[in-house]
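See structure below.
Protein chains: 2
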Amino acid sequence: MADKAQLQEAIKTQGEVVRKLKSEKASKEQIDEEVAKLLQFKAQLGGDEGKHVFVLKTAKETLTGKYGEDSKLIYDLKDQGGELLSLRYDLTVPFARYLAMNKITNIKRYHIAKVYRRDNPAMTRGRYREFYQCDFDIAGQYDAMIPDAECLKIVYEILNELDLGDFHIKVNDRRILDGMFAVCGVPDEKFRTICSTVDKLDKMAWEDVKKEMVNEKGLSEDVANRIGEYVSMQGGQDLAEQLLQDPKLSQNKQACAGLTDMKLLFSYLELFQVTDKVVFDLSLARGLDYYTGVIYEAILSQTIPAPAEQNGADEAAVSVGSVAGGGRYDGLVGMFDPKGRKVPCVGVSIGIERIFSIMEQKAETSSEKVRTTETQVLVASAQKNLLEERLKLTSELWNTGIKAEVLYKKNPKLLSQLQHCEETGIPLVAILGEQELKDGVVKLRNVASREEVDVPRADLVDEIKKRTL
Amino acid sequence: MADKAQLQEAIKTQGEVVRKLKSEKASKEQIDEEVAKLLQFKAQLGGDEGKHVFVLKTAKETLTGKYGEDSKLIYDLKDQGGELLSLRYDLTVPFARYLAMNKITNIKRYHIAKVYRRDNPAMTRGRYREFYQCDFDIAGQYDAMIPDAECLKIVYEILNELDLGDFHIKVNDRRILDGMFAVCGVPDEKFRTICSTVDKLDKMAWEDVKKEMVNEKGLSEDVANRIGEYVSMQGGQDLAEQLLQDPKLSQNKQACAGLTDMKLLFSYLELFQVTDKVVFDLSLARGLDYYTGVIYEAILSQTIPAPAEQNGADEAAVSVGSVAGGGRYDGLVGMFDPKGRKVPCVGVSIGIERIFSIMEQKAETSSEKVRTTETQVLVASAQKNLLEERLKLTSELWNTGIKAEVLYKKNPKLLSQLQHCEETGIPLVAILGEQELKDGVVKLRNVASREEVDVPRADLVDEIKKRTL
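First to last, the protein sequences are chains U and S. Note that the first sequence covers residues 1 to 469 in full-length UniProt numbering. Note that the second sequence covers residues 1 to 469 in full-length UniProt numbering.
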């Protein structure tokens with residue numbers, strides 16, 4: 001804390017130096033030098049200040065005239081100087097930077113936040129330029145494949161429990177890919193770009209992928225054909241064992257390391273009971289540069305029927321494809337550490353926005369009612385002048401931890417109270433009337449079945465808990 | 001959905017028009033006109049696109065060279081044109097804009113997110129320029145004071161359950177303040193600025209506040225003295241009744257409306273059993289312009305002792321002051337609606353960052369262990385070569401919904417497994433050994449008491465649930 005306060009002070013002082021130079025119209029070199037110092041202090045601070053600044057891009061006019069004399073505190077972006085700015089592309093790179101800057105050597109965490117990609121949006125498929133991702137990562141120096149297997153277990157659990165239909169998870173390893181490229185005769189400097197081309201196999205036919213390799217990336221037909229043989233292979237632990245016997249691959253150190261780990265991974269996945277959905281697939285490449293080991297991608301098998309109003313001739317059904325992906329990236333944290341200290345990491349990104357879009361479309365198609373609230377009970381009345389009794393009971397329920405609601409009207413109609421429950425999915429209504437108050441009971445109504453039963457007031461909380469567990 | 005896709009298309013086309021004009025160095029007027037159209041389309045879209053764009057301010061270099069061929073998709077801010085940008089100051093104004101743009105007329109929601117204020121940071125008091133706020137708001141046309149009372153109940157519940165020591169919640173009403181200014185002889189056009197001065201009474205003595213009114217804001221001594229009498233008043237429902245009889249205030253329509261509602265509010269607060277902490281305080285003003293009715297602020301009474309290492313002579317204890325505040329703002333949504341349609345709102349902002357800072361300092365002072373994980377049980381072993389059995393049991397527990405962890409090591413020492421539990425606050429350890437496997441049991445250890453008991457494997461889940469409820 002003491003160090004932090006000192007840094008904070010240094011940043012303040014340095015900030016004044018920079019502002020002074022700017023106001024004096026000092027030379028660009030001089031200002032740049034002082035700004036560099038300022039940024040160094042901010043980086044050292046390591047806290048949120050100066051590192052992650054989330055910005056609401058909105059016309060300043062929106063904020064003007066709302067805050068009275070506090071308006072001077074509004075942050076204007078135009079004051080922030082000429083730094084090169086970008087929107088974050090994923091949550092992995094910021095996570096790695098966070099670990100390096102805070103010298104964290106092991107952590108397991110999830111993170112739900114927005115990321116940005118200048119891609120072609122496809123709203124019907126849940127693809128936007130600004131979208132939420134949900135990342136789960138395990139960082140730390142551990143024994144091989146144990147955290148990797150946990151990541152796959154988590155993806156399996158999520159897709160299983162969300163009940164989105166059949167799915168499978170493709171697994172591969174960057175080292176196997178690199179080894180494969182080497183034994184096929186791809187020059188070292190073309191590994192990454194050929195990897196990107198292989199990655200298109202989920203959207204393009206092999207013939208087109210091959211064309212790109214030969215015509216655009218300059219591979220010979222022979223080399224491309226050799227790659228073609230490998231990338232058509234799919235299997236499980238058995239395929240890893242078979243490839244370890246492959247006369248060419250078995251001569252490549254990287255490929256052997258990857259294949260040995262793949263065998264180990266499958267033995268753990270067996271214990272986790274998830275091998276029925278996991279496929280070792282040599283065509284899985286994933287475009288990103290930072291992966292160093294295992295990579296994986298989860299794919300929904302089903303296409304989701306498009307809602308009726310959009311169901312044009314050209315778009316009969318919506319195919320969603322990949323809904324999660326990830327892998328091991330052991331080098332990324334080291335890129336942000338001044339001394340290059342590595343922290344091995346493995347993680348997964350869940351495309352929650354796409355998953356939501358599928359669930360919404362599913363709900364639309366089945367005209368299922370989606371519950372929009374966690375409220376367990378609505379406190380209601382059929383008679384007038386019982387607002388105070390309703391508020392009192394609501395407060396009693398709140399005090400015991402029951403999620404209760406009450407309409408904010410003095411004398412709402414019983415019908416509108418019941419309709420509110422049906423619209424929002426509140427399962428129970430606690431109805432108060434003169435008679436109930438006299439008898440010390442509450443009429444508890446099940447919204448779905450319309451059954452009603454008188455419950456002694458003292459038993460109400462237990463009864464609600466029992467019925468909404 | 002169809003409309004949305006069309007708008008998306010229109011935005012794309014219009015974006016190209018703007019870019020073309022810019023590249024052709026067209027006249028500013030012409031570009032502005034086309035940009036205005038573009039913004040209109042974006043506003044119509046109403047979705048997240050183009051409206052709320054959160055931006056990670058970070059040197060572009062951080063992102064460069066990480067994404068391979070996907071790098072072209074990275075969003076650069078420099079391309080986004082010359083709009084005036086600001087960071088959001090609070091969550092209330094964006095909420096109001098969201099309601100207006102999506103034509104939402106009633107909603108109740110909470111929102112936790114970052115806001116930005118160019119204030120003097122005070123880290124020891126949990127005051128930062130970038131900080132999280134937690135807002136709760138109820139929007140809709142309802143009967144008077146019912147949602148307002150619920151907001152106060154929620155503040156009361158939060159501060160009570162967090163156990164942050166004694167607190168009180170000051171309540172006032174903008175209409176009472178305005179009425180009071182009017183009967184004291186403050187000219188209409190000075191209401192807002194005098195309001196801001198009154199708001200300083202929690203940090204400044206009355207004498208200094210009075211000086212500001214007279215010397216800086218140009219009130220006469222007499223007028224200031226009359227204000228001084230009112231703002232020294234504190235009470236409850238009784239004070240509201242008394243002021244309704246006040247010969248001057250009772251002549252003012254606004255004041256009467258405010259005082260009548262204040263009486264009603266206290267009657268509801270009585271039913272909610274929170275009047276012991278709520279004070280009707282005429283000195284509470286709150287600086288923001290957008291309030292139209294009830295306003296409130298929660299204040300912690302205790303000062304928190306500073307942690308030992310910072311406890312210099314000049315800073316003996318840390319006073320935190322206001323940790324929550326809010327009020328009614330019936331006009332704000334209408335400011336964003338093209339037709340000025342109003343949606344009455346009442347809400348509260350919880351200063352969670354300040355509250356966290358207090359809780360952390362409290363924990364530091366009491367050297368209490370803060371639990372950093374929700375994990376219920378660690379699956380461990382004292383013997384070698386049991387990784388597979390540990391993984392299998394972990395998976396079994398996960399499948400039943402138990403939060404279980406396992407160290408990612410082949411043969412970790414029992415001591416390091418127990419230490420992990422103590423460091424992270426995991427309360428139970430499920431220990432496997434050859435003997436336990438043979439007997440079909442698991443040794444369940446309570447980390448705190450060190451008690452161990454053999455539990456038949458079939459009963460393990462129930463036993464863990466029972467012990468960690």
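Cβ atoms here follow ideal geometry from the backbone N, Cα and C, with glycine treated the same way.
Item	Value
Would you give the residue range spanned by the beta strand (DSSP E) that Asp-276(S) belongs to?	Here Asp-276(S) belongs to no beta strand (DSSP E), and DSSP marks it neither H nor E.
Is it true that the CB of Leu-428(U) sits closer than 8 Å to the CB of Thr-468(U)?	yes
Note down, in chain order, each residue of its chain lying with its Cβ closer than 7 Å to the Cβ of Glu-207(U), except the 5 sequence neighbours on either side.	none
Tell me the DSSP secondary structure of Lys-190(S) in three-state form.	helix
The alpha helix (DSSP H) spanning Pro-94(S) covers which residue range?	92–101
Would DSSP call Glu-463(S) helix, strand or coil?	helix
Which residues of chain S have a Cβ atom closer than 8 Å to the Cβ of Ser-395(U), listed in chain order?	Lys-153, Leu-271, Phe-272, Gln-273
Residue range of the alpha helix (DSSP H) that Thr-333(S) falls in?	One detail in the question is off: residue 333(S) reads as Val in this sequence, not Thr. Taken as a continuous stretch (DSSP letters only), the alpha helix (DSSP H) holding Val-333(S) covers 332–336.
Leaving out five residues on either side along the sequence, give the residues of the same chain with a beta carbon under 8 Å from the beta carbon of Gly-425(S).	Lys-369, Val-370, Arg-371, Thr-372, Thr-373
Mind the definition here: the region 286–297 of chain S touches the region 322–336 of chain S only if three or more C-beta pairs lie below 8 Å; say whether that holds.	yes
Residues of chain U with a CB under 7 Å from the CB of Lys-410(S): which are they?	Asp-143
Hey, does Lys-392(S) have any beta-carbon neighbour from chain U nearer than 8 Å?	yes
On the CB-based measure, 16 or more other CB atoms within 10 Å of its CB, does Ser-283(U) come out buried or exposed?	buried
Would you report the Cα separation of Glu-405(U) and Glu-388(U), rounded to the nearest angstrom?	14 Å
Give me the chain U residues within the contact set of Tyr-296(S), using Cβ-Cβ distance strictly less than 7 Å, ordered along the chain.	By Cβ distance, chain U contributes nothing, its closest Cβ being about 18 Å from Tyr-296(S), past 7 Å.
Specify whether the region 334–354 of chain U and the region 171–191 of chain U touch according to this definition: at least 3 beta carbon pairs, one from each stretch, less than 8 Å apart.	no
Could you give the first and the last residue of the continuous beta strand (DSSP E) run that contains Lys-257(S)?	Per the sequence shown, residue 257(S) should be read as Ala rather than Lys. That residue, Ala-257(S), is in no beta strand (DSSP E); its alpha helix (DSSP H) goes 253–271.
Considering only their Cβ atoms, is the gap separating Lys-413(S) from Asp-143(U) smaller than 8 Å?	no
Looking at the structure shown, is Lys-170(S) part of a helix, part of a strand, or coil, going by DSSP?	strand
Identify which residue in Gln-273(S), Tyr-296(S), Lys-248(S) has its Cα closest to the Cα of Met-262(S).	Tyr-296(S)
Quick one: which chain S residues come within Cβ less than 9 Å of Ile-146(U)?	Leu-387, Leu-391, Val-406, Leu-407, Tyr-408, Lys-409, Lys-410
According to DSSP, which residues form a beta bridge with Val-115(U)?	Phe-131(U)
Please compile the residues from chain S whose C-beta is within a distance smaller than 7 Å of the C-beta of residue 497(U).	Absent from the model: residue 497(U). The displayed extent of chain U is 1 to 469, so no value can be given.
For Arg-371(S), which of helix, strand or coil comes out of DSSP?	coil
Could you tell me which residues DSSP pairs with Ile-350(S) in its beta bridges?	Cys-134(S), Ala-324(S)
Given Gln-30(U), which residues of its chain have a CB within under 8 Å of its CB, disregarding the five upstream and five downstream residues?	Leu-21
Please report the straight-line C-alpha distance between Phe-95(S) and Thr-197(S), rounded to a whole angstrom.	27 Å
What does DSSP give as the partner residues of Ser-381(U) in its beta bridges?	Leu-432(U)
List the residues that DSSP assigns as beta-bridge partners of Asp-234(U).	The identity of residue 234(U) in the sequence shown is Gln, whereas the question assumes Asp. The partner list for Gln-234(U) (beta bridge, DSSP) reads Asp-281(U).
Could you pull the DSSP bridge partners for Glu-297(S) from this structure?	Lys-170(S), Gly-325(S)
Assuming contact is defined by CB atoms lying nearer than 8 Å, are Val-453(U) and Leu-444(U) in contact in what I supplied?	yes
Would you please state the rounded distance, in angstroms, between the beta carbons of Ala-298(S) and Ser-322(S)? I believe it to be under 8 Å.	7 Å
Given a cut-off of 8 Å, decide if Asp-166(S) and Gln-302(S) are closer than it, judged by their beta-carbon atoms.	yes
According to DSSP, which residues form a beta bridge with Lys-108(S)?	Ile-138(S)
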